[in-house]
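The listed protein sequences derive, respectively, from chains A and B.
The numbering of the first sequence is this note's numbering, which starts it at 1 and goes up by one.
The numbering of the second sequence is this note's numbering, which starts it at 225 and goes up by one.
One structure below.
Number of protein chains: 2
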Amino acid sequence: VVDAENLGKSYRMGEVPVNALAGVNLKLFQGEFATVMGASGSGKSTLLSIVGCLDRPDSGSYLLMGKRVDGMDDRDLARVRNRNIGFIFQTFNLLPRATSLQNVELPLMYGGVPGKERRQRALAILDRVGLASRAHHRPSQLSGGERQRVAIARALVTDPSLLLADEPTGNLDSVTGRSIMDLIRQVHNEGNTILLVTHDPLVAAMGSRMIRLGDGRVLEDTGS
Amino acid sequence: VVDAENLGKSYRMGEVPVNALAGVNLKLFQGEFATVMGASGSGKSTLLSIVGCLDRPDSGSYLLMGKRVDGMDDRDLARVRNRNIGFIFQTFNLLPRATSLQNVELPLMYGGVPGKERRQRALAILDRVGLASRAHHRPSQLSGGERQRVAIARALVTDPSLLLADEPTGNLDSVTGRSIMDLIRQVHNEGNTILLVTHDPLVAAMGSRMIRLGDGRVLEDTGS
Ligand SMILES: Nc1ncnc2c1ncn2[C@@H]1O[C@H](COP(=O)(O)OP(=O)(O)OP(=O)(O)O)[C@@H](O)[C@H]1O
Ligand SMILES: Nc1ncnc2c1ncn2[C@@H]1O[C@H](COP(=O)(O)OP(=O)(O)OP(=O)(O)O)[C@@H](O)[C@H]1O
Ligand SMILES: [Mg+2]
Ligand SMILES: [Mg+2]
Numbered sequence: 001v002v003d004a005e006n007l008g009k010s011y012r013m014g015e016v017p018v019n020a021l022a023g024v025n026l027k028l029f030q031g032e033f034a035t036v037m038g039a040s041g042s043g044k045s046t047l048l049s050i051v052g053c054l055d056r057p058d059s060g061s062y063l064l065m066g067k068r069v070d071g072m073d074d075r076d077l078a079r080v081r082n083r084n085i086g087f088i089f090q091t092f093n094l095l096p097r098a099t100s101l102q103n104v105e106l107p108l109m110y111g112g113v114p115g116k117e118r119r120q121r122a123l124a125i126l127d128r129v130g131l132a133s134r135a136h137h138r139p140s141q142l143s144g145g146e147r148q149r150v151a152i153a154r155a156l157v158t159d160p161s162l163l164l165a166d167e168p169t170g171n172l173d174s175v176t177g178r179s180i181m182d183l184i185r186q187v188h189n190e191g192n193t194i195l196l197v198t199h200d201p202l203v204a205a206m207g208s209r210m211i212r213l214g215d216g217r218v219l220e221d222t223g224s
Numbered sequence: 225v226v227d228a229e230n231l232g233k234s235y236r237m238g239e240v241p242v243n244a245l246a247g248v249n250l251k252l253f254q255g256e257f258a259t260v261m262g263a264s265g266s267g268k269s270t271l272l273s274i275v276g277c278l279d280r281p282d283s284g285s286y287l288l289m290g291k292r293v294d295g296m297d298d299r300d301l302a303r304v305r306n307r308n309i310g311f312i313f314q315t316f317n318l319l320p321r322a323t324s325l326q327n328v329e330l331p332l333m334y335g336g337v338p339g340k341e342r343r344q345r346a347l348a349i350l351d352r353v354g355l356a357s358r359a360h361h362r363p364s365q366l367s368g369g370e371r372q373r374v375a376i377a378r379a380l381v382t383d384p385s386l387l388l389a390d391e392p393t394g395n396l397d398s399v400t401g402r403s404i405m406d407l408i409r410q411v412h413n414e415g416n417t418i419l420l421v422t423h424d425p426l427v428a429a430m431g432s433r434m435i436r437l438g439d440g441r442v443l444e445d446t447g448s
């Protein structure tokens, strides 16, 4: 599913470059559940956004589902992303002027799903994350953990074969967090591939492979 | 320090009102370290923003440092807040076009602190949260946990006598999280009062009093 070699990503800040990624190799096979841990600033979100085709590496090669991503134009990239990938952002990235329901329907709209089916699927997944009673709230009218769950619902509504989750339980109490991890495990049990960043060792233990990043490098990978 | 009785806060969403707070009593004494826990959506951030004078209750009374807050105009409220309170937001609330340093200097600027001292104090606290090398990054050029630490530095730079922290370790790995809790404990040891919302039982255990919210009410308060 994911075949990345020697990924590099560096930001020029004045004289000192910040090497967010300094040569990361990652092979992910269909149906794997891998977790990524590492200190704050170690490059986890940068790695996830490159794997999710939301950012391009400065060096290295990346094949997604066997295709070279670096060679694609933005439109092809957006189509591959919409069809195969679900992305749960660390900062949620919800449209501020849209309701929970509209935010969750958005990826289905990109994918050309008709209105009635879109609404039903979006309401169903909002119900599964416990937010049926918050469907018409806008993000500013929700709590932190409720926003996070809308972002999770939006990532799952397209039934993605690759789910990329960045700290999906960071703003949730342990009971709500556990129900979200049950949902993610269900997605995994249906044969999909999961790459999940977390600071919580209890969440990381739910995967079958653990990758530890430090200063933009892979320090440990139990599955490679 | 804080004397709140029968606080109510409700949002009108269409026909169904959302009672974020439904009659909360909270007395907090100088030098206490209280933590607040509760399910996602139970009213923790709403309570904290009323205690921090960032939002007004719909009902109930609130005395801060012995003064009735409900009777104050916005300017007096802002002055009381800037002089006494440090607030760590769950969503960080950093100015997007300002650097880490400028964000941390902001409360000192409101307080009329001269430029040179402002800069020194802001750099010192940024160094204490481990971000001296990120002083000139803007929020979009920082990782999630780095943004959270800038928000923490901004709350501490004024040496507040009341620190209100909403999930201060939600985006941090355990090592970084522990160093932030050490910093918060130091603020407490200097005789200041702490009210801290968290989902992490390990963080909650660092306080001497635990308040549990559910559906906008106090279910349990080990200190009252
Ligand atoms: N502006 C608003 N309009 C309507 N409802 C709101 C608004 N702000 C908050 N709410 C609702 O009030 C309830 C309490 O919100 P609050 O942010 O205090 O919860 P919380 O305990 O901090 O949750 P979390 O742990 O998820 O951050 C939530 O159910 C939320 O949907
Ligand atoms: N646009 C940018 N410009 C400059 N530096 C950046 C930019 N984006 C990220 N960085 C830096 O790259 C490093 C890695 O960032 P990244 O967001 O991947 O970390 P992370 O492991 O996700 O951290 P966290 O656990 O705090 O979310 C950080 O030190 C950050 O300051
Ligand atoms: Mg991150
Ligand atoms: Mg909250």
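For glycine and all other residues, C-beta sits at the position ideal for the given N, C-alpha and C.
Practice problem: Please confirm if the segment 370 to 386 of chain B is in contact with the segment 315 to 332 of chain B, defined as three or more CB-CB distances below 8 Å between the two stretches. | Solution: yes
Quiz item: Going along the chain, which residues of its own chain have a beta-carbon closer than 6 Å to the beta-carbon of R121 of chain A, five neighbours each way excluded?
Solution: Here residue 121 of chain A is taken as the residue at index 121 of the first sequence, counted from 1. Contacts found: V157.
Self-check item: Cross-chain neighbours of E444 of chain B in chain A, by beta carbon under 9 Å
Solution: Here residue 444 of chain B refers to the residue found at position 220 of the second sequence. Residues of chain A passing the Cβ test: none, with the nearest at roughly 14 Å.
Exercise. Could you tell me if the beta carbon of Q141 of chain A falls within a distance shorter than 6 Å of some heavy atom in ligand 5?
Key: Questions concerning ligand 5 fall outside what the structure shown contains, since the ligands it does hold are ligand 1, ligand 2, ligand 3 and ligand 4.
Quiz item: Between the segment 394 to 407 of chain B and chain A, which residues of the former have CB atoms less than 8 Å from a CB of the latter, in chain order?
Solution: G394, N395, L396, D397, S398, V399, T400, G401
Quiz prompt | DSSP-derived helix/strand/coil call for R138 of chain A | solution = Residue 138 of chain A sits at position 138 when you count from the first residue of the first sequence. Coil at R138 of chain A, not helix or strand.
Practice problem: Return yes when the Cβ of L94 of chain A is within less than 7 Å of the Cβ of P168 of chain A, no when it is not. | Solution: Residue numbering aside, residue 168 of chain A sits at position 168 when the first sequence is read from its first letter. Residue numbering aside, residue 94 of chain A sits at position 94 when the first sequence is read from its first letter. For P168 of chain A and L94 of chain A, no; Cβs fall outside 7 Å.
Quiz prompt | Where T169 of chain A falls: helix, strand or coil (DSSP) | solution = Position 169 of the first sequence holds residue 169 of chain A. T169 of chain A: coil per DSSP, three-state reduction.
Practice problem: Would you mind stating whether K268 of chain B and G262 of chain B have Cβ atoms separated by less than 7 Å? | Solution: Taking the first residue of the second sequence as 1, we reach residue 268 of chain B at position 44. Taking the first residue of the second sequence as 1, we reach residue 262 of chain B at position 38. Against a cut-off of 7 Å, the Cβ pair of G262 of chain B and K268 of chain B comes out as a contact.
Self-check item: Residue range of the unbroken alpha helix (DSSP H) whose run includes D406 of chain B
Solution: Working through the second sequence from its first residue, we reach residue 406 of chain B at position 182. Unbroken alpha helix (DSSP H) run through D406 of chain B: 398 to 413.
Quiz item: Considering only C-alpha positions, which residue in the set B:V242, B:V260, B:L231, B:G247 is nearest to G447 of chain B?
Solution: Working through the second sequence from its first residue, we reach residue 447 of chain B at position 223. The option with the nearest alpha carbon to G447 of chain B is B:V260.
Quiz item: To which residues does DSSP link M206 of chain A through a beta bridge?
Solution: To locate residue 206 of chain A, count along the first sequence from 1; it is residue 206. Looking at the DSSP assignment, M206 of chain A forms no beta bridge with any residue, so it has no partner.
Quiz item: Hey, would you say the C-beta of S273 of chain B is under 6 Å away from at least one heavy atom of ligand 3?
Solution: Your numbering for residue 273 of chain B matches position 49 in the second sequence. No - ligand 3 has no heavy atom lying nearer than 6 Å to the Cβ of S273 of chain B.
Quiz item: Using a threshold of 6 Å, is the CB atom of Q90 of chain A nearer than that to any non-hydrogen atom of ligand 3?
Solution: For the purposes of this step, residue 90 of chain A is taken as the residue at position 90 of the first sequence. Because some heavy atom of ligand 3 lies under 6 Å away, the Cβ of Q90 of chain A counts as near it: yes.
Quiz item: Can you tell me whether DSSP reads N416 of chain B as helix, strand or coil?
Solution: Sequence index remark: in the second sequence, residue 416 of chain B carries index 192 (1-based). The answer is coil: DSSP assigns N416 of chain B none of H, G, I, E or B.
Self-check item: Sequence-distant residues of the same chain with beta carbon closer than 7 Å to N171 of chain A, five excluded per side
Solution: By one-based count along the first sequence, residue 171 of chain A stands at place 171. Closer than 7 Å at Cβ, skipping near neighbours: G144, G145, Q148.
Exercise. Using a Cβ cut-off of 8 Å, pull out every chain A residue sitting near A359 of chain B, in sequence order please.
Key: Locating residue 359 of chain B in the second sequence gives position 135, counting from the first residue. Residues of chain A passing the Cβ test: none, with the nearest at roughly 10 Å.
Exercise. Determine the burial state of H360 of chain B: buried for a count of at least 16 other Cβ atoms within 10 Å of its Cβ, exposed for fewer.
Key: On the second sequence, residue 360 of chain B is found 136 positions in, with the first residue counted as 1. With fewer than 16 Cβ atoms within 10 Å of its Cβ, H360 of chain B is classed as exposed.
Quiz prompt | Proximal residues of chain B, C-beta to C-beta of T91 of chain A below 8 Å | solution = To locate residue 91 of chain A, count along the first sequence from 1; it is residue 91. Chain B residues near T91 of chain A: G368.
Quiz item: If you measure from the CB of S452 of chain B, is any heavy atom of ligand 4 nearer than 6 Å?
Solution: The structure shown does not extend to residue 452 of chain B, since chain B spans only 225 to 448, so no value can be given for it.
Quiz prompt | Contacting residues, own chain, Cβ-Cβ under 7 Å from N308 of chain B (five flanking each side not counted) | solution = Your numbering for residue 308 of chain B matches position 84 in the second sequence. For N308 of chain B, where only same-chain residues beyond five positions count, the Cβ hits under 7 Å are M289, P384, S385, L386.
Quiz item: Would R358 of chain B be called buried (16 or more neighbouring beta carbons within 10 Å of its own) or exposed?
Solution: On the second sequence, residue 358 of chain B is found 134 positions in, with the first residue counted as 1. Per the 10 Å Cβ criterion, buried.
Quiz item: Got a sec: is the Cβ-Cβ distance from G41 of chain A to anything in chain B below 7 Å?
Solution: Walking along the first sequence from the start, residue 41 of chain A turns up at place 41. G41 of chain A counts as touching chain B.
Quiz prompt | Close-in-space but distant-in-sequence residues of the same chain around K233 of chain B (CB under 6 Å, 5 per side omitted) | solution = In the second sequence, the residue the question calls residue 233 of chain B occupies position 9. Here the set comprises A244, L245, T270, P281, D282.
Exercise. Specify whether the segment 415 to 429 of chain B and the segment 249 to 257 of chain B touch according to this definition: at least 3 beta carbon pairs, one from each stretch, less than 8 Å apart.
Key: yes
Exercise. Could you have a look at A346 of chain B and say whether DSSP puts it in helix, strand or coil?
Key: Here residue 346 of chain B is taken as the residue at index 122 of the second sequence, counted from 1. The answer is helix: DSSP assigns A346 of chain B an H, G or I state.
Practice problem: Could you tell me whether the Cβ atoms of L164 of chain A and L48 of chain A are closer together than 7 Å? | Solution: Position 164 of the first sequence, counted from the first residue, corresponds to residue 164 of chain A. Position 48 of the first sequence, counted from the first residue, corresponds to residue 48 of chain A. Yes; because the gap between Cβ atoms is below 7 Å, this pair is in contact.
Quiz item: Does any residue of chain A bring its CB to less than 7 Å from the CB of H423 of chain B?
Solution: Residue 423 of chain B sits at position 199 when you count from the first residue of the second sequence. Yes, H423 of chain B counts as interfacial toward chain A.
Exercise. Less than 8 Å between the CB atoms is what I'm expecting for T400 of chain B and S40 of chain A, so what's the real figure, rounded?
Key: Along the second sequence, read from residue 1 onward, the residue named residue 400 of chain B stands at position 176. Along the first sequence, read from residue 1 onward, the residue named residue 40 of chain A stands at position 40. About 5 Å; that satisfies the 8 Å criterion.
Exercise. Kindly list the residues whose CB is nearer than 8 Å to the CB of S432 of chain B, restricted to its own chain and excluding five residues on each side of it in sequence; keep chain order.
Key: Position 208 of the second sequence, counted from the first residue, corresponds to residue 432 of chain B. Result list for S432 of chain B: E256, F257, A258, G447, in chain order.
Quiz prompt | CB contact flag (V411 of chain B, A377 of chain B, <7 Å) | solution = Working through the second sequence from its first residue, we reach residue 411 of chain B at position 187. Working through the second sequence from its first residue, we reach residue 377 of chain B at position 153. Cβ distance not < 7 Å, so V411 of chain B and A377 of chain B don't count as in contact.
Quiz item: So which residues on chain B does M13 of chain A lean against when the C-beta distance must stay under 8 Å?
Solution: If you number the first sequence from 1, residue 13 of chain A lands on position 13. Correct list: H360, H361, Q365.
Quiz item: Of all the options A:F89, A:I50, A:V197, which has the alpha carbon lying nearest to the alpha carbon of L77 of chain A?
Solution: As a first step, residue 77 of chain A must be located in the first sequence, where it is residue number 77. For the residues A:F89, A:I50, A:V197, the minimum Cα distance to L77 of chain A belongs to A:I50.
Practice problem: Can you pull the chain B residues whose beta carbon is under 7 Å from the beta carbon of S45 of chain A, in chain order? | Solution: As a first step, residue 45 of chain A is located in the first sequence; it is residue number 45 there, counting from the start. S367, G368, listed in chain order.
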